[in-house]
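Student: Reading the sequence shown from the start, the letters are residues 160 to 653 in the numbering used here.
Don't be surprised by glycine CBs; every beta carbon is placed ideally from N, CA and C.
Given the structure is predicted, the values throughout are model-derived calculations rather than measurements.
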Amino acid sequence: MVATWWLVRALTIQVRYYDSYDYLNDARALLGDHAASFFGVHSPLIPILGIPSALAWDPENPSRWAWMVPHLTGFLLAVAALWACHQFLARFLRPRWALLGTAVIGLSPVVAHYAPHLLTDIPAMGLTAYALARYDRHVVEGGATSALGLGAVVGLAVAAKYSLAVLPVALGTAGAIRLVSSARPRPGRRPWVRLLRDDLLAALAAALTFGGLLVLRYQLTTETGFTRADFAEDLRVAQEMVEPLGDEHPVDFLYLLARSLGPAVLVLAPLGAVALVRKVGWARALGPLLLAVGFVVSMGLKVGMTQARYLLPTFPVLVLAALVPAAHLARRFPRTSLALATAIALPVLGLGLAQGARDADAFYWRPIQRRVAERIRTHVSPEGRVYWANHFVSMTPPEPVVFPRDEYFSFFHLGHPGIGFLTRRAVVGSHERRARTRVASEDALLVVGARRFHHAGNLQAGTPLPCFFSLVYREGGEVREERLPTGSCPTAAP
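1. Throw me the rounded Cβ distance for the Ala283 and Leu479 pair, which I believe falls under 8 Å.
2. Would the beta-carbon of Leu315 fall within 8 Å of that of Leu286?
3. Leaving aside the five residues before and after Ala365 along the sequence, list all residues of the same chain whose C-beta is less than 6 Å from its C-beta, in chain order.
4. Since Thr381 contacts Asp389 with CB under 8 Å, what's their CB separation in whole angstroms?
5. Alpha carbon to alpha carbon, what distance is there between Met458 and Leu363?
6. When the Cα of Pro158 is compared with those of Gly616, Val631, Ala615 and Ala609, which residue comes out closest?
7. So, helix, strand or coil for Arg639, using DSSP?
8. Determine the burial state of His201: buried for a count of at least 16 other Cβ atoms within 10 Å of its Cβ, exposed for fewer.
9. How long is the line joining the alpha carbons of Val439 and Ala257, rounded to whole angstroms?
10. Given a cut-off of 8 Å on the beta-carbon distance, is the pair Val598 and Tyr546 in contact?
11. Which class does Asp178 belong to by DSSP, given the choice of helix, strand or coil?
12. Do Pro268 and Val560 have their C-beta atoms within less than 8 Å of each other?
13. Looking only at its chain, what residues have a beta carbon closer than 7 Å to the beta carbon of Leu355, apart from the 5 residues adjacent to it on each side?
14. If I measure Cβ to Cβ from Ala652 and keep anything under 8 Å in the same chain, skipping five residues before and after, which residues do I get?
15. Starting from the Cα of Tyr377, find the closest Cα among Gln173, Gly191 and Pro409 and give me that residue.
16. Taking DSSP as the reference, what is the three-state secondary structure of Met458?
17. Taking the C-alpha atoms as reference points, what is the distance between Trp238 and Gly509?
18. Distance check for Ala303 and Ala169, CA to CA, integer angstroms please.
19. Measuring CB to CB, does Val631 end up less than 8 Å from Arg584?
20. In angstroms with no decimal places, state the Cα-to-Cα distance between Gly347 and His297.
21. When the Cα of Val587 is compared with those of Phe570, Leu605 and His572, which residue comes out closest?
22. Out of Pro206, Lys461, Leu415 and Leu360, which one is the CA nearest neighbour of Leu375?
23. When the Cα of Gly635 is compared with those of Ser589, Ala243 and Thr537, which residue comes out closest?
24. Between the segment 569-585 and the segment 205-225, can you find at least three pairs of beta-carbon atoms closer than 8 Å?
25. Three or more C-beta pairs under 8 Å: does that hold for the segment 317-333 against the segment 433-452?
26. Please state the DSSP three-state secondary structure of Val161.
27. Quick check: what's the CA-CA separation for Val607 versus Leu618?
28. Between which two residues does the alpha helix (DSSP H) holding Arg530 run?
29. Spatial neighbours of Thr473 within its chain, please: C-beta separation below 7 Å, excluding the five flanking residues on both sides.
30. Less than 8 Å between the CB atoms is what I'm expecting for Leu278 and Phe234, so what's the real figure, rounded?
31. Using 8 Å as the cut-off, can you tell me whether the segment 177-186 makes contact with the segment 287-294, which would need three or more C-beta pairs spanning the two stretches below that distance?
32. Considering only the beta carbon of each residue, do Thr232 and Leu208 sit closer than 8 Å?
33. Span of the alpha helix (DSSP H) holding His297?
34. Could you give the residue range of the beta strand (DSSP E) that holds Leu605?
35. Can you check which of these residues, Gln398, Arg468 and Pro475, is closest to Ala432 by C-alpha distance?
36. Assign Phe251 to one of two classes, buried (16 or more other C-beta atoms within 10 Å of its C-beta) or exposed (fewer than that).
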């Protein structure tokens with residue numbers, strides 16, 4: 160049922176996130192389109208998966224189906240991520256509880272909202288879950304083949320999201336502890352030799368997978384290919400982009416987790432960590448627990464900008480930790496099973512249904528972004544320019560604040576990446592007065608964005624939602640200014 164709603168949205172949604180357009184332009188750059196550039200802060204995997212979307216879109220003859228391809232890609236990646244979460248949970252829980260945990264993740268307002276969008280966070284969650292499932296299988300079964308498969312998935316995860324560098328560190332630490340504990344003298348046995356071999360094979364596979372995709376990305380999109388200096392600079396810029404926007408605090412991430420998975424999960428997870436170790440042993444539990452703790456700590460220390468989607472890779476482990484004590488109590492006291500499942504699932508169900516109602520707002524079905532692209536194609540030749548003044552065009556439903564500490568959750572900004580992808584016209588930032596003068600004499604159009612509005616923080620500070628934005632272009636020898644609604648004000652008319 161959850162996936163059906165995701166599919167409906169993927170087939171009908173008419174807005175895209177700013178970052179989605181960035182990934183699509185990255186895909187253009189990978190295909191050799193010199194008019195596009197790869198945004199250096201992005202990891203390579205999602206742009207590679209966006210290549211079919213870039214190939215499908217013809218800016219001069221756009222079709223409805225071509226518009227859907229990125230959203231269908233996001234939908235398929237979300238379904239795959241949910242399957243991976245179930246694979247992970249099923250390693251530790253009985254089928255009914257594993258299914259319940261999968262439903263809790265799928266019903267989360269964060270997952271439900273972002274599912275039909277081409278973004279990195281949900282695929283990163285899925286790859287994390289699948290890597291942890293492969294890790295558990297490797298701990299239980301061992302073997303060179305298992306180690307190579309684990310390493311390849313870990314490499315893909317880091318290639319999907321650089322912040323998942325915590326994953327190989329966590330699993331490597333867990334592996335090192337297992338190795339040290341197995342090295343105690345035992346007559347006639349040397350299990351540490353096999354463990355060391357497997358750990359090295361996993362590390363090699365992870366390095367080759369991640370390194371290969373990284374080198375390929377630089378080779379296809381830069382003149383010099385991969386250099387450590389360029390990579391270090393891209394990581395530095397990425398760090399600068401997640402600085403706090405205001406009075407954000409690392410503790411805000413705990414609030415976002417509670418609003419994403421329900422308070423019961425957040426309360427039970429610490430207790431469940433201990434219960435998980437007692438249930439399956441420290442060797443199997445250590446990797447997932449180190450990943451969850453390490454990722455949350457790294458987010459708090461390194462990422463100042465608090466967004467709920469940044470925490471998605473921790474969801475499978477937190478849900479598992481919450482369900483282990485609940486499942487244990489249900490086995491000991493069978494009559495409490497329904498009550499425990501309800502206490503965990505009901506808050507998330509309520510949050511998910513509320514988000515589903517918000518995502519059904521008419522705002523999401525208005526083709527405002529496509530309408531802007533149509534105006535540009537009509538009034539500017541492929542060799543012309545699109546000038547941009549002020550900030551992005553901020554588009555959001557009338558009541559956008561779902562997570563007070565997540566400023567961008569419901570905001571769909573139309574900016575340089577969106578115009579560049581949809582029209583293939585050159586986009587140039589300019590002062591408004593100067594650009595208006597140029598439009599009168601050039602093959603050009605001017606988009607006038609918001610002056611003092613960018614995200615939910617502005618709304619909370621008292622700045623009203625922008626209801627209109629302007630396009631300035633020549634028509635019939637005269638300069639015309641057309642006002643278009645942002646979709647944020649239901650009563651606003653063009």
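Tutor: Straight from the coordinates:
1. Not quite, the Cβ-Cβ distance comes to about 17 Å (not below 8 Å), so this is no contact.
2. Taking a C-beta distance under 8 Å as the contact criterion, Leu315 and Leu286 qualify as a contact pair.
3. Excluding positions up to five away in sequence, the list reads Gly310, Val313, Gly314 and Pro327.
4. 7 Å
5. 27 Å
6. Given that the chain is displayed from residue 160 to residue 653, the structure contains no residue 158 and the question cannot be resolved.
7. strand
8. A residue is called buried once 16 or more other Cβ atoms fall within 10 Å of its Cβ, and His201 is buried on that count.
9. 15 Å
10. Yes.
11. helix
12. no
13. Hits under 7 Å: Leu338.
14. At Ala652, the pLDDT of 48 sits below 50, so the modelled position is not reliable and the matter cannot be decided from this model.
15. Gly191
16. Secondary structure of Met458 (DSSP, three-state): helix.
17. Looking at the sequence provided, one finds Val at residue 238 rather than Trp. Rounded to whole angstroms, the gap between the alpha carbons of Val238 and Gly509 is 21 Å.
18. 40 Å
19. Contact: no.
20. At Gly347, the pLDDT of 49 sits below 50, so the modelled position is not reliable and the matter cannot be decided from this model.
21. Leu605
22. Pro206
23. The closest CA to that of Gly635, considering only Ser589, Ala243 and Thr537, is found on Thr537.
24. Between the segment 205-225 and the segment 569-585 there are three or more C-beta pairs closer than 8 Å, enough to call the two in contact.
25. yes
26. helix
27. Computed Cα separation, rounded: 20 Å.
28. Going by DSSP, Arg530 is part of the alpha helix (DSSP H) stretching over Ile527 to His538.
29. Cβ neighbours of Thr473 beyond the five flanking positions: Ala451, Phe454 and Val455.
30. 12 Å between Cβ atoms; not a contact.
31. The segment 177-186, when compared against the segment 287-294, does not touch it at the 8 Å Cβ threshold.
32. Yes.
33. Asp280 to Glu300
34. If you look at Leu605, you'll find it in the beta strand (DSSP E) that goes Ala603 to Val607.
35. Of the candidates Gln398, Arg468 and Pro475, Pro475 places its Cα closest to the Cα of Ala432.
36. buried
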